[in-house]
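Trainee: This is the structure, below, for whatever I ask next.
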Amino acid sequence: MSLRDELLSDPEAIGYAPMIAAGDHAGIVARLNLVEPGRTALVPLTFVTVRTLVARLGPAGAVLVKKLRAFAAQPDFSPDTDPQSYALHATVQEMLPFISQGDPARGDGVDMGDPGSRALFSALATIGVITQDEADSVLALGTPPCSRAFQLVGRSVTLNEVSEALNGG
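Under this note's numbering, the first residue of the sequence shown carries the number -10, and numbering increases by one thereafter.
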């Protein structure tokens, strides 16, 4: 959806019409760029390491890591009798080294904005390696609160962009 379409149709009933009528383009910019706790977006390249998990989730993050390490340390599952657990076990074994050390700012860790990484943590909850609450906490790291502008264009919008959109340009 274009910014112009968003402002004129107001699909989420944000209340642009009175601001448009008043010519309050700065108010529209402020409203579009407002970060709201209930509004989230999947953010690709949101790398998470053990350090991130412990810093953001506290002791629950440390417990989660301990559970992942315990799962990885279990004897290999049989690909013939339990293919899902076998695949998850192998994935966690391979994942642990690169989340254990590193710097998320350099792209080290697990990308919680990646659908495959997200599916991994959901599957680990499904088979009981971690709880659903733990999976949800990790998944939330890849879907932080955001603004409507971020949902629309992936960043904040400017006064110039709003004015151009409303003036037909």
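Ideal placement from N, C-alpha and C gives every residue a C-beta, glycine not left out. The structure presented is a predicted model; accordingly, all values stated were derived computationally and were not measured.
(1) Considering only the alpha carbon of each residue, which of Ala6, Leu128, Asp92 lies closest to Gly102?
(2) Does the segment 83 to 93 touch the segment 118 to 127, meaning 3 or more C-beta pairs lie closer than 8 Å?
(3) Assuming contact is defined by CB atoms lying nearer than 7 Å, are Thr29 and Gly98 in contact in what I supplied?
(4) Report the CB separation of Pro33 from Asp100 in whole angstroms; it is logged as a contact under 8 Å.
(5) Going along the chain, which residues of its own chain have a beta-carbon closer than 6 Å to the beta-carbon of Arg137, five neighbours each way excluded?
(6) Enumerate, from N- to C-terminal direction, the unbroken alpha helix (DSSP H) stretches of 4 or more residues contained entirely within the segment 17 to 91.
(7) Per DSSP, what are the beta-bridge partners of Asp100 in this structure?
(8) Which residues mark the beginning and the end of the alpha helix (DSSP H) in which Ile9 is found?
(9) Rounding to the nearest angstrom, what Cα-Cα distance links Ala114 and Met(-10) in this structure?
(10) Look at the Cβ atom of Val163, then the Cβ atom of Leu57, and state whether they are nearer than 7 Å.
(11) Looking at the unbroken alpha helix (DSSP H) that takes in Ala154, where does it start and where does it end?
(12) Are there three or more Cβ pairs, one per stretch, closer than 8 Å when the segment 6 to 23 is compared with the segment 134 to 151?
(13) Which one or two residues does DSSP pair with Pro134 in a beta bridge?
(14) Taking 7 Å as the limit between beta carbons, can you name the residues of its chain near Gly50, skipping five residues before and five after?
Mentor: With the given structure in hand:
(1) Leu128
(2) no
(3) no
(4) 7 Å
(5) Leu21
(6) 39 to 46, 48 to 62, 72 to 89
(7) Phe36
(8) 5 to 10
(9) 35 Å
(10) No answer is possible for residue 163: it lies beyond the span of the chain, which begins at -10 and ends at 158.
(11) 148 to 155
(12) yes
(13) Thr29
(14) Leu42, Val43
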